[in-house]
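See structure below.
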Amino acid sequence: NNPDSPPYALALLNAAVRQGGHEAHVFDLNIALYQRAKAENSSNAWSTGHSQESPIEYWVNEDFVNEALAGHRQFIDRYVDEILEVQAPVIGFSIHTSSYRASVQVARLVKEKDPDRQVIFGGPYCFLNHEGDQLLAKHDFLDMVCFLEAERSFPELLGRMERGDDYYEMHGFGFRLPDGGIRNNVIDTIHRKEPPGTFI
Numbered sequence: 003n004n005p006d007s008p009p010y011a012l013a014l015l016n017a018a019v020r021q022g023g024h025e026a027h028v029f030d031l032n033i034a035l036y037q038r039a040k041a042e043n044s045s046n047a048w049s050t051g052h053s054q055e056s057p058i059e060y061w062v063n064e065d066f067v068n069e070a071l072a073g074h075r076q077f078i079d080r081y082v083d084e085i086l087e088v089q090a091p092v093i094g095f096s097i098h099t100s101s102y103r104a105s106v107q108v109a110r111l112v113k114e115k116d117p118d119r120q121v122i123f124g125g126p127y128c129f130l131n132h133e134g135d136q137l138l139a140k141h142d143f144l145d146m147v148c149f150l151e152a153e154r155s156f157p158e159l160l161g162r163m164e165r166g167d168d169y170y171e172m173h174g175f176g177f178r179l180p181d182g183g184i185r186n187n188v189i190d191t192i193h194r195k196e197p198p199g200t201f202i
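Numbering (this note's numbering), first residue to last: 3 to 202.
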C-alpha cells in the first residue's frame with residue numbers, strides 16, 4: 003500500500019518457480035496503480051508516505067478499498083486481461099493484510115473472465131494464524147490456498163499439476179476438490195509436528 007515497501011516475495015517466488023523448471027510471469031498491480039495515479043495527479047491512495055505513516059486500518063476497510071479502486075476500474079479490467087493473455091494455467095496472489103481486500107476483487111475478476119484458470123492465494127495473510135484455512139469457504143473463486151512458505155512447496159505443486167499427479171494431499175495447502183468440496187491439509191506448526199523440510 004505504499005512505494006517504500008516493494009514486494010520482494012514476488013521476486014523470491016519468481017526465482018523459485020523458474021528454478022523448478024516452470025515459466026513465470028510477474029505482475030505488480032500495486033505499483034502500476036501508484037504510477038497511474040501519480041501520472042494523472044489523481045487521488046493516490048498508494049502514495050501515503052512511509053509505511054509507518056500509512057495506517058493499515060485504511061486497507062482493511064472495505065469502503066476505503068472500494069473507493070480507492072473505483073476510479074481505476076477500467077485500468078484494472080485491462081490489467082486482468084494482460085494477466086490472462088500469458089495463458090498461465092495457475093494464477094497466484096501474494097496476500098498481505100493490506101492487500102487482501104483488493105486482491106479479492108482482482109482474483110474474482112480473473113475467475114469471472116476465465117473460470118478454467120486455477121487461482122491460488124498465498125502469503126502472510128494465508129498463514130494459519132490469520133484466515134488461511136477459512137479462505138476457500140469464504141471465496142468461491144479460489145481453488146487453492148498455501149498456508150506456509152511457498153518457495154519450495156509451490157514449485158512442487160506446479161510440478162505435480164503439470165505431470166497430472168495427485169496433489170490434493172500436499173501438506174500446507176487447502177484445495178477445492180473436483181466435486182466442490184474443500185480439503186485443508188493443515189500442518190500442526192504449534193506443536194512442531196510439520197514434516198521435515200517444510201520451513202525454510
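Glycine included, C-beta positions come from ideal geometry on N, C-alpha and C.
**Distance, glutamate 171 Cα to methionine 146 Cα** = Within the sequence shown, residue 146 is the residue found at index 144, counting from 1. Within the sequence shown, residue 171 is the residue found at index 169, counting from 1. Those two C-alpha atoms are separated by around 12 Å.
By DSSP's criteria, cysteine 148 is part of a beta bridge. Which residues make up the other side?
In the sequence shown, residue 148 corresponds to position 146, counting from 1. Per DSSP, Phe175.
**Request:** Check isoleucine 122 in the structure and name its three-state DSSP category.
**Result:** On the sequence shown, position 120 is the one that residue 122 refers to. Correct three-state label for isoleucine 122: strand.
Worksheet item: So, phenylalanine 149 versus phenylalanine 129, is the Cβ gap smaller than 9 Å?
Response: Stepping through the sequence shown from its first residue, residue 149 is reached at position 147. Stepping through the sequence shown from its first residue, residue 129 is reached at position 127. Going by C-beta atoms, phenylalanine 149 is nearer than 9 Å to phenylalanine 129.
N- and C-terminal bounds of the beta strand (DSSP E) containing asparagine 187
As a working mapping, residue 187 is identified with position 185 in the sequence shown. No beta strand (DSSP E) contains asparagine 187, which DSSP labels as neither H nor E.
Item checked: Cβ-Cβ distance between glycine 174 and arginine 185 below 9 Å -> Counting from 1 along the sequence shown, the entry for residue 174 is found at position 172. Counting from 1 along the sequence shown, the entry for residue 185 is found at position 183. Cβ atoms of glycine 174 and arginine 185: not closer than 9 Å.
Can the beta-carbon of arginine 103 be found closer than 9 Å to that of glutamate 69?
Counted from its first residue, the sequence shown places residue 103 at position 101. Counted from its first residue, the sequence shown places residue 69 at position 67. By the CB criterion at 9 Å, arginine 103 and glutamate 69 fall outside the cutoff.
- Message: Need the endpoints of the alpha helix (DSSP H) that serine 105 sits in, please.
- Response: Within the sequence shown, residue 105 is the residue found at index 103, counting from 1. First-last of the alpha helix (DSSP H) with serine 105: 102 to 115.
- Where does the unbroken alpha helix (DSSP H) through valine 67 begin, and where does it stop? Against the sequence shown, residue 67 aligns to sequence position 65. From DSSP, the alpha helix (DSSP H) with valine 67 extends over 64 to 72.
Taking DSSP as the reference, what is the three-state secondary structure of valine 82? The residue given as residue 82 occupies position 80 in the sequence shown. In this structure, valine 82 counts as helix in the three-state DSSP scheme.
Review point. Taking Cβ to Cβ, would you say valine 82 is nearer than 9 Å to valine 112?
Key: As a working mapping, residue 82 is identified with position 80 in the sequence shown. As a working mapping, residue 112 is identified with position 110 in the sequence shown. Contact: yes.
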